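J.: Going line by line, the protein sequences match chains B and U.
In terms of the numbering used here, the first sequence opens at residue 3 and continues consecutively.
In terms of the numbering used here, the second sequence opens at residue 168 and continues consecutively.
So that we are looking at the same thing, I have put the structure below in structure tokens.
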Amino acid sequence: MEQQLHPITAEQALRFEKELLPHADSLFNFAMHLTNYKEEDSNDLVQDAYFKALRFMDKYEAGTNPKAWLFTILKNAFINEYRKKAKQPTKVDFEDIIHYQQDDEHGASHLDFRDDVFENMMGDEVTKAISELPQEFRTVIILCDIEGFSYEEIALIVDIPIGTVRSRLHRARNLLKEKLKRYAEQFGYKDKRS
Amino acid sequence: MSLTNNHQELFQKVSLYLDNALSAEEQSALMQEINSDPHTLELLSKEQRFRDFVKARTERRSASPALIQAIREKIRIAPA
Numbered sequence: 003m004e005q006q007l008h009p010i011t012a013e014q015a016l017r018f019e020k021e022l023l024p025h026a027d028s029l030f031n032f033a034m035h036l037t038n039y040k041e042e043d044s045n046d047l048v049q050d051a052y053f054k055a056l057r058f059m060d061k062y063e064a065g066t067n068p069k070a071w072l073f074t075i076l077k078n079a080f081i082n083e084y085r086k087k088a089k090q091p092t093k094v095d096f097e098d099i100i101h102y103q104q105d106d107e108h109g110a111s112h113l114d115f116r117d118d119v120f121e122n123m124m125g126d127e128v129t130k131a132i133s134e135l136p137q138e139f140r141t142v143i144i145l146c147d148i149e150g151f152s153y154e155e156i157a158l159i160v161d162i163p164i165g166t167v168r169s170r171l172h173r174a175r176n177l178l179k180e181k182l183k184r185y186a187e188q189f190g191y192k193d194k195r196s
Numbered sequence: 168m169s170l171t172n173n174h175q176e177l178f179q180k181v182s183l184y185l186d187n188a189l190s191a192e193e194q195s196a197l198m199q200e201i202n203s204d205p206h207t208l209e210l211l212s213k214e215q216r217f218r219d220f221v222k223a224r225t226e227r228r229s230a231s232p233a234l235i236q237a238i239r240e241k242i243r244i245a246p247a
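Below, the structure written as structure tokens:
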């Protein structure tokens, strides 16, 4: 993708290097989750986000929230560029949601996370389980539980109301617990409780 | 209110607390509840451990040096 270069001041360049570039790892990991773990697409997405940030450096105020700003740019770039290209547009896994909603109707919306079951998981079960969540739920879990954004920041990044952030997180965490529990059972983790 | 509803309500408070989404008043009320009810503390501890577990076990990679270099190469400084 050919990018038109916009010259910035030396002060802006320094601010870019010190305040924006350090978030490249977080952005890259977020991009991986958005692109279903395609490294090349993720690299392109991160580059695209930083190029846009360079273009709009005059809009960035020093001391404000560079990480949230970058994540918003990246999320919007993903929506604009990569969903159009995807052969199979992102779809919600309705089976998971229906299953969850049925559980919720029986008042079992909180699943007991038993660390004696999970403590011996040594592989990539968690990453795999997160990758299998519907993207709307995967996004909020990554933004909150991995990247540490607040509800308000997530609402701005994803462009949804704070109430929706809260409810999606609640559902996402319960879906994740359910998936991890199934992995544990599948791999024969024993119930150590007598 | 049924036991299940009480549990759900308590879990919601604990979850909001861990997300730093409670007001100072609500936090104070929850702390009082934790001090008086071991079950509440256990619930909080379990949920905290789950979140720590997820964060620790989620794969994180570094952006490649080539990516960082490609970004840096696009910086153009305007003449003074």
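Each residue gets a CB set at the ideal place from its N, CA and C atoms; glycine is no exception.
Just so you know, these numbers come straight off a predicted model, no measurement behind them.
With DSSP as the reference, please indicate the residues paired to B:I10 in a beta bridge.
T.: To locate residue 10 of chain B, count along the first sequence from 1; it is residue 8. BP columns for B:I10 point to U:I244.
J.: Between which two residues does the alpha helix (DSSP H) containing B:Y153 stretch?
T.: Stepping through the first sequence from its first residue, residue 153 of chain B is reached at position 151. Taken as a continuous stretch (DSSP letters only), the alpha helix (DSSP H) holding B:Y153 covers 153-160.
J.: Name the chain U residues whose beta carbon is nearer than 7 Å to that of B:S152?
T.: The count along the first sequence starts at 1 and reaches residue 152 of chain B at position 150. By Cβ distance, chain U contributes N187.
J.: Assign B:D27 to one of three DSSP states: helix, strand, or coil.
T.: In the first sequence, counting from the first residue as 1, residue 27 of chain B sits at position 25. Of the three classes helix, strand and coil, the one that applies to B:D27 here is helix, per DSSP.
J.: Tell me which residues share the same chain as B:E41 and place their Cβ nearer than 8 Å to its Cβ, disregarding the 5 neighbours each side in the sequence.
T.: By one-based count along the first sequence, residue 41 of chain B stands at place 39. Same-chain partners within the cutoff: M34.
J.: Please report the Cβ distance between B:I10 and U:I244, rounded to the nearest whole angstrom; I am assuming they are in contact, meaning their Cβ atoms lie under 8 Å.
T.: Here the question's residue 10 of chain B lines up with position 8 in the first sequence. Here the question's residue 244 of chain U lines up with position 77 in the second sequence. Sure, about 6 Å apart at Cβ, within 8 Å.
J.: Only counting the same chain, and skipping five residues up and downstream in sequence, which positions put a Cβ closer than 8 Å to that of B:I100?
T.: In the first sequence, counting from the first residue as 1, residue 100 of chain B sits at position 98. Model confidence at B:I100 stands at a pLDDT of 44, short of 50, so the residue's coordinates are unreliable and nothing is read from them.
J.: Report the CB separation of B:Q49 from U:A237 in whole angstroms; it is logged as a contact under 8 Å.
T.: As a working mapping, residue 49 of chain B is identified with position 47 in the first sequence. As a working mapping, residue 237 of chain U is identified with position 70 in the second sequence. Rounded, the Cβ-Cβ distance is 6 Å, consistent with contact.
J.: Count the C-beta pairs between the region 143-159 of chain B and the region 183-196 of chain U that are closer than 8 Å, then say yes if the count reaches three, no if not.
T.: Contact holds: three or more Cβ-Cβ distances are below 8 Å.
J.: Near B:F30, which residues of its chain fall below 7 Å by C-beta distance, leaving aside the five closest residues on each side in sequence?
T.: Against the first sequence, residue 30 of chain B aligns to sequence position 28. Closer than 7 Å at Cβ, skipping near neighbours: S44, V48.
J.: Should the region 156-165 of chain B be regarded as contacting the region 73-80 of chain B, the criterion being three or more beta carbon pairs within less than 8 Å?
T.: Short answer: they touch.
J.: Does any residue of chain U have a CB that is nearer than 8 Å to the CB of B:N67?
T.: Looking up residue 67 of chain B in the first sequence gives position 65. No, no contact with chain U.
J.: Along chain B, in chain order, which residues have C-beta atoms closer than 8 Å to that of U:I235?
T.: The residue given as residue 235 of chain U occupies position 68 in the second sequence. The contacting residues are L23, A26.
J.: Which residues, in chain order, does the region 202-222 of chain U contribute to contact with chain B at a C-beta distance below 8 Å?
T.: Listed in sequence order: K213, E214, R216, F217, R218, F220, V221, K222.
J.: U:E226 by DSSP, collapsed to three states: which one?
T.: Here residue 226 of chain U is taken as the residue at index 59 of the second sequence, counted from 1. Reduced to three states, the DSSP call for U:E226 is coil.
J.: Excluding the 5 residues preceding and the 5 following B:I143 in the sequence, name in chain order all residues of the same chain whose CB lies nearer than 6 Å to its CB.
T.: Against the first sequence, residue 143 of chain B aligns to sequence position 141. Around B:I143: A174.
J.: Would you report the Cα separation of U:E240 and U:P246, rounded to the nearest angstrom?
T.: As a first step, residue 240 of chain U is located in the second sequence; it is residue number 73 there, counting from the start. As a first step, residue 246 of chain U is located in the second sequence; it is residue number 79 there, counting from the start. For U:E240 and U:P246, the distance between alpha carbons rounds to 17 Å.
J.: Would you verify that the beta carbon of B:T129 is, or is not, closer than 8 Å to some beta carbon of chain U?
T.: Stepping through the first sequence from its first residue, residue 129 of chain B is reached at position 127. Yes, because at least one Cβ of chain U sits closer than 8 Å to the Cβ of B:T129.
J.: CA-CA distance, B:K20 and B:S28?
T.: Working through the first sequence from its first residue, we reach residue 20 of chain B at position 18. Working through the first sequence from its first residue, we reach residue 28 of chain B at position 26. Distance between the alpha carbons of B:K20 and B:S28: 15 Å.
J.: Exposed or buried, which one is B:G109 when buried takes at least 16 other CB atoms within 10 Å?
T.: Within the first sequence, the letter at position 107 stands for residue 109 of chain B. Per-residue confidence for B:G109 stands at a pLDDT of 38, beneath the threshold of 50, marking its modelled position as unreliable; the derived number appears in the next sentence. By the neighbour-count rule (16 or more Cβ atoms within 10 Å), B:G109 is not buried but exposed.
J.: For B:T37, which residues in the same chain have their Cβ closer than 8 Å to its Cβ, ignoring the five residues on either side in sequence?
T.: Residue numbering aside, residue 37 of chain B sits at position 35 when the first sequence is read from its first letter. Taken in chain order, the residues that qualify are D43, S44, L47, F80, Y84.
J.: Identify, in the order they occur along the chain, each residue of the same chain with its Cβ nearer than 7 Å to the Cβ of B:F189, setting aside the five sequence neighbours on each side.
T.: Locating residue 189 of chain B in the first sequence gives position 187, where the first residue counts as 1. No residues qualify anywhere along the chain.
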